[in-house]
Amino acid sequence: MSRIGKQPVALPDGVTANLSGQTIEIKGPKATKSFTATDDVTLTVEDGTVTVTPRGKSKRARQQWGMTRTVIANMAHGAKEVFRKELEIQGVGYRAQMQGNTLKLNLGLSHDVDFEVPEGVTVTAPKPTELVVEGHDKQLVGQVAANIRDWRRPEPYKGKGIRYKGEYIFQKEGKKK
């Protein structure tokens with residue numbers, strides 16, 4: 001049984017939900033999002049809460065139950081506040097800067113990396129070695145941060161690369177003579 005799916009989604013102040021069939025639309029002061037649930041779950045909206053229940057006891061219905069509830073909870077949170085991921089760049093000469101809608105990364109490669117920021121996400125570089133990814137869609141913010149990090153993942157010997165703020169990289173010992 002899904003433990004997360006059992007919990008109803010409480011809508012924050014100023015956020016409303018409209019249900020039409022299997023499509024739920026969540027409106028808030030900052031954003032409006034919609035999500036179409038599969039036929040394996042039933043959605044109900046009452047008294048400022050959204051409840052998700054499975055139809056049947058199939059494995060797919062139980063999988064969709066928890067996932068649907070989590071997606072709706074993230075939409076409700078994103079309608080009022082922004083999601084935020086912070087990245088750190090470590091390495092000699094590694095730096096980043098924003099130029100319009102393009103993120104320019106110098107990561108020790110033979111060329112600079114130009115990363116086009118998708119719509120719905122804002123990327124800022126408060127310092128040359130720090131990046132902040134913000135947006136109202138949790139999945140999109142996490143995906144953009146992961147795509148930026150993939151250009152130079154932190155390596156275990158010197159720790160150079162792009163890492164999430166606060167991420168611990170296990171340091172390996174180098175070769176011995």
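Take the numbering used here: the final residue in the sequence shown is number 177, and no numbers are missing along the way. Glycine included, C-beta positions come from ideal geometry on N, C-alpha and C.
State the beta-bridge partners of residue i as determined by DSSP.
i    : result
K127 : E130
Q90  : G161
I24  : L19 and F35
E46  : T49
G166 : Answer by DSSP bridge pairing: none, since G166 is not bridged.
G135 : F83 and V121
By Cβ distance, which residues of its chain are closer than 6 Å to residue i, with the 5 residues on each side in sequence left out?
i    : result
A125 : A96, Q97, M98 and L131
I169 : P154 and G159
V144 : V121 and V133
V201 : Beyond the ends of the chain as shown, which are 1 and 177, falls residue 201; an answer cannot be given.
Under the three-state reduction of DSSP, which class applies to residue i: helix, strand or coil?
i    : result
K85  : strand
E116 : strand
R95  : strand
P54  : strand
V41  : strand
N101 : coil
G5   : coil
Looking only at its chain, what residues have a beta carbon closer than 7 Å to the beta carbon of residue i, apart from the 5 residues adjacent to it on each side?
i    : result
L215 : Here the chain has residues from 1 to 177 only, and residue 215 is not among them.
M75  : I26, K33 and F35
Going by the CB atoms, is the gap between residue j and residue i shorter than 8 Å?
i    : j    : result
G120 : G142 : no
I26  : A79  : yes
V9   : F35  : no
E86  : K165 : yes
E88  : T129 : yes
T53  : V45  : no
T16  : A37  : no
L43  : Q64  : no
Over what stretch of residues does the alpha helix (DSSP H) that includes residue i continue unbroken?
i    : result
A61  : K59 to K80
L140 : K138 to R149
Using C-beta distances below 8 Å, list every residue in its chain close to residue i, excluding the 5 sequence neighbours before and after it, in chain order.
i    : result
G174 : Y157
Provide the residue span of the beta strand (DSSP E) that contains residue i, from first to last.
i   : result
P29 : Here P29 belongs to no beta strand (DSSP E), and DSSP marks it neither H nor E.
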